[in-house]
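These notes are about the structure you will find just below.
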Amino acid sequence: MENIKSIKETEEEIIEAFSYLETWEEKYEYIIELGKKLPPLDEEYKVEENIIKGCQSTVWLASDYYDGKVYFKADSDAMIVKGLVSMLIAVLSGHTPDEIINSKIDFIREIGMMTHLAQTRSNGLLSMIKQIKNYALVYKSIETVEKTI
Amino acid sequence: MTTLTARSPFFDVNITRELFPILNREVNNKLLVYLDNAATSQKPQSVIDALTNYYSNYNSNIHRGIHTLAEEATAAYEATRVTAQEFINAASAEEIIFTRGTTEGINLVAYTWGRQNIYAGDEIIISGMEHHSNIVPWQILCEEKKAILKVIPVTDDGELDLDEYKNLLSSKTKLVSIVHVSNALGTVNPVKEIIDAAHNVGAVVMVDGAQSTVHLDIDVQKMNCDFFAFSGHKVYGPTGIGVLYGKKEILESMPVFMGGGEMIKEVTFAKTTYNDLPYKYEAGTPNIADTIALRTALDFITETGKIFVRKHENELLEYATEQLEAIPGLKIIGKAKEKVSLVSFVIKNIHPQDIGVLLDNQGIAVRTGHHCTQPLMAHFGIPGTVRASFAMYNTKEEIDRLVTGLQKAIKMLS
Numbered sequence: 001m002e003n004i005k006s007i008k009e010t011e012e013e014i015i016e017a018f019s020y021l022e023t024w025e026e027k028y029e030y031i032i033e034l035g036k037k038l039p040p041l042d043e044e045y046k047v048e049e050n051i052i053k054g055c056q057s058t059v060w061l062a063s064d065y066y067d068g069k070v071y072f073k074a075d076s077d078a079m080i081v082k083g084l085v086s087m088l089i090a091v092l093s094g095h096t097p098d099e100i101i102n103s104k105i106d107f108i109r110e111i112g113m114m115t116h117l118a119q120t121r122s123n124g125l126l127s128m129i130k131q132i133k134n135y136a137l138v139y140k141s142i143e144t145v146e147k148t149i
Numbered sequence: 001m002t003t004l005t006a007r008s009p010f011f012d013v014n015i016t017r018e019l020f021p022i023l024n025r026e027v028n029n030k031l032l033v034y035l036d037n038a039a040t041s042q043k044p045q046s047v048i049d050a051l052t053n054y055y056s057n058y059n060s061n062i063h064r065g066i067h068t069l070a071e072e073a074t075a076a077y078e079a080t081r082v083t084a085q086e087f088i089n090a091a092s093a094e095e096i097i098f099t100r101g102t103t104e105g106i107n108l109v110a111y112t113w114g115r116q117n118i119y120a121g122d123e124i125i126i127s128g129m130e131h132h133s134n135i136v137p138w139q140i141l142c143e144e145k146k147a148i149l150k151v152i153p154v155t156d157d158g159e160l161d162l163d164e165y166k167n168l169l170s171s172k173t174k175l176v177s178i179v180h181v182s183n184a185l186g187t188v189n190p191v192k193e194i195i196d197a198a199h200n201v202g203a204v205v206m207v208d209g210a211q212s213t214v215h216l217d218i219d220v221q222k223m224n225c226d227f228f229a230f231s232g233h234k235v236y237g238p239t240g241i242g243v244l245y246g247k248k249e250i251l252e253s254m255p256v257f258m259g260g261g262e263m264i265k266e267v268t269f270a271k272t273t274y275n276d277l278p279y280k281y282e283a284g285t286p287n288i289a290d291t292i293a294l295r296t297a298l299d300f301i302t303e304t305g306k307i308f309v310r311k312h313e314n315e316l317l318e319y320a321t322e323q324l325e326a327i328p329g330l331k332i333i334g335k336a337k338e339k340v341s342l343v344s345f346v347i348k349n350i351h352p353q354d355i356g357v358l359l360d361n362q363g364i365a366v367r368t369g370h371h372c373t374q375p376l377m378a379h380f381g382i383p384g385t386v387r388a389s390f391a392m393y394n395t396k397e398e399i400d401r402l403v404t405g406l407q408k409a410i411k412m413l414s
């Protein structure tokens, strides 16, 4: 599905949603709910090359590229991570490689989930973001090559 | 009539808690409940003071200085060696080699004794419940020497299959390297029996004491192991310091590990002769401060009394096991008859990591994951566990908070 909202707009929506959640329990319940709502990834995508291996949980991230836009699908065996991934996908999927590469992804800090960016959680949101941006970079370079040919 | 309670009049957990400043800390606005002691223990004020006292008053390089500070630092450093010797009842202080920790101790043996004594076709036996630190160094050695790594299977209760172990032993067995207490399950392995059987076929035995040294009485002579390694930071001491014990005659026969200062007798460009034990294995300026503070930590344990601490910790283990087992869907992994105060568990349909995150938000520190024992986790068919491990300063009230915290986490995730 093409994302008609800009990255910034989706981020702001998430930040607004979290602003209504006061306690840590509410915030995590919401993230868990997002995790549950994210449709499970088809088994065909749950392959070694789609795995972002952390120390504790596994994340599968698959991507697709058409009409100049990158689309992401993901899953995780841990629910909180899955909820966080779900937000990342909502923000970044359906945008051009350049938009993805240049995105700052500030919402994670804004909603108070910075700890999940820490190295120790090495399931790391950080490595997920890195992988998402890597995909964008790859699609961008393929595009450039194709244009030159 | 006074009733005898299990709690010793010599050990009061509330008094003990006051000695550990970190226990006053709040995490996420709640008083910290620290149940990750198998990863590292907290430090009493006396250990922290020993570190600052060294740096404030007598910091100096050791052994070759002629001035007062060097003499004081050397004396304190060598005093730890004697304390460590007594702590594990080694026959002599020369048998105590300072390392960075258990991992370095095992690697030292693999790179020196292993290189010298393992040949193609030889067999090394480890167990299915080893920490990666007691797997990888031997895999590296086996690959290099074309030797064979054999693994003692683990039963469903999390004990070693000793019959199978005895079947694995043969004249080809050159080394058995075994964990004394499992970091993932808490199982206390019957090391004496394992060692005796290995010696019967002429094999050398290394014991990984990373988890056992803080809980059990260690007597390396009685155990009759050839090598024993432990880490300072798991015995209420500083990080970056550990001890490798080796029988003197074996240590003397082994080649050197790292070259540099301290470990030499005489250096010329034609030939270098090496220092005597234990300095032969302590190249370079050692970790002086942490070594000195390790003595304070070992003395602290001895003064508190291991037997009283063990009683307290066993009570905690029993209470935690009982309380946790009452939680629907919770399954304890590792039900060995002999365990130290550590409970590893999984909860049906919930990933351990989710539990860890939600407990942390309630100020409760546990360890989640594979505990650096991936083969063991694979054996049980799980990605990992939640592990609560107890130390002398933990209380039943803290276990109650763990249980309440878990119930809350489960409710949020269901």
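Protein chains in written order, with our numbering: chain A, 1 to 149; chain B, 1 to 414.
Built from N, CA and C at the ideal position, the CB exists for glycine as well.
Contacts of residue 57(A) in chain B (Cβ-Cβ under 8 Å): 351, 353, 383
Straight-line Cα distance separating residue 160(B) from residue 180(B): 11 Å
Contact with chain A by residue 107(B), beta-carbon distance below 7 Å: no
Delimiting residues of the beta strand (DSSP E) encompassing residue 377(B): Residue 377(B) -> not in any beta strand (DSSP E); alpha helix (DSSP H) instead, spanning 374-380.
Reduced DSSP secondary structure (H/G/I, E/B, other) of residue 398(B): helix
Proximity of residue 210(B) and residue 230(B) at Cβ, strictly below 7 Å: yes
Selection of the segment 29-47 of chain A by Cβ proximity to chain B, strictly under 7 Å: 29, 32
Own chain partners of residue 348(B) with C-beta closer than 6 Å, once the 5 adjacent residues on each side are dropped: 329
Amino acids of chain B, ordered along the chain, whose beta-carbon sits closer than 9 Å to that of residue 80(A): 351, 353, 354, 357, 358, 413
Assigned secondary structure, residue 233(B) (DSSP; H/G/I helix, E/B strand, else coil): helix
Rounded separation between residue 313(B) and residue 282(B) - CA only: 35 Å
The segment 96-107 of chain B in contact with the segment 274-292 of chain B per 3-pair CB rule at 8 Å: yes
Helix, strand or coil at residue 114(B) [DSSP, three-state]: helix
Residue ranges of each beta strand (DSSP E) within the segment 12-53 of chain A, 3 or longer: 51-53
In chain order, each beta strand (DSSP E) run of at least 3 residues that lies wholly inside the segment 105-158 of chain B: 123-127, 148-152
With 16 other Cβ atoms within 10 Å as the buried cut-off, status of residue 33(A): exposed
Three-state class that DSSP yields for residue 74(A) in the structure shown: strand
Members of the segment 11-26 of chain A that neighbour chain B once the beta carbon cut-off is set at 9 Å: 24, 25
Inter-residue CB distance, residue 191(B) and residue 225(B) (contact presumed, cutoff 8 Å): 7 Å
Own chain partners of residue 164(B) with C-beta closer than 7 Å, once the 5 adjacent residues on each side are dropped: 152, 153
Separation of residue 85(A) from residue 64(A), as counted between CA atoms: 16 Å
Residue 75(A) at chain B interface by Cβ criterion, 7 Å: no
Buried or exposed by the 16-neighbour rule on C-beta atoms within 10 Å, applied to residue 29(B): exposed
Of the listed residues 23(B), 24(B), 221(B), nearest to residue 87(B) (C-alpha basis): 221(B)
Local conformation of residue 388(B) per DSSP, three classes: strand
Paired residues, beta bridge with residue 178(B) - DSSP: 207(B)
Straight-line Cα distance separating residue 391(B) from residue 376(B): 24 Å
Same chain only: Cβ atoms within 8 Å of residue 129(A), ignoring 5 sequence neighbours per side: 88, 105
Within chain A, partners of residue 368(B) - CB distance below 8 Å: 56
Distance CB(residue 235(B))-CB(residue 297(B)) smaller than 7 Å: yes
Cut-off 6 Å between Cβ atoms - residues of its own chain near residue 5(B), not counting five sequence neighbours on either side: Any answer about residue 5(B) is weak, because its pLDDT of 45 lies below 50 and its placement is not dependable; what the coordinates show is given next. Taken in chain order, the list of residues that qualify is empty.
Simplified DSSP assignment, three categories, for residue 329(B): coil
Cα-Cα separation between residue 114(A) and residue 135(B), rounded to whole angstroms: 35 Å
Cβ of residue 29(B) within 7 Å of any chain A Cβ: no
Own chain partners of residue 50(A) with C-beta closer than 7 Å, once the 5 adjacent residues on each side are dropped: 60, 61, 62
Residue 39(B) and residue 367(B) closer than 7 Å at C-beta: yes
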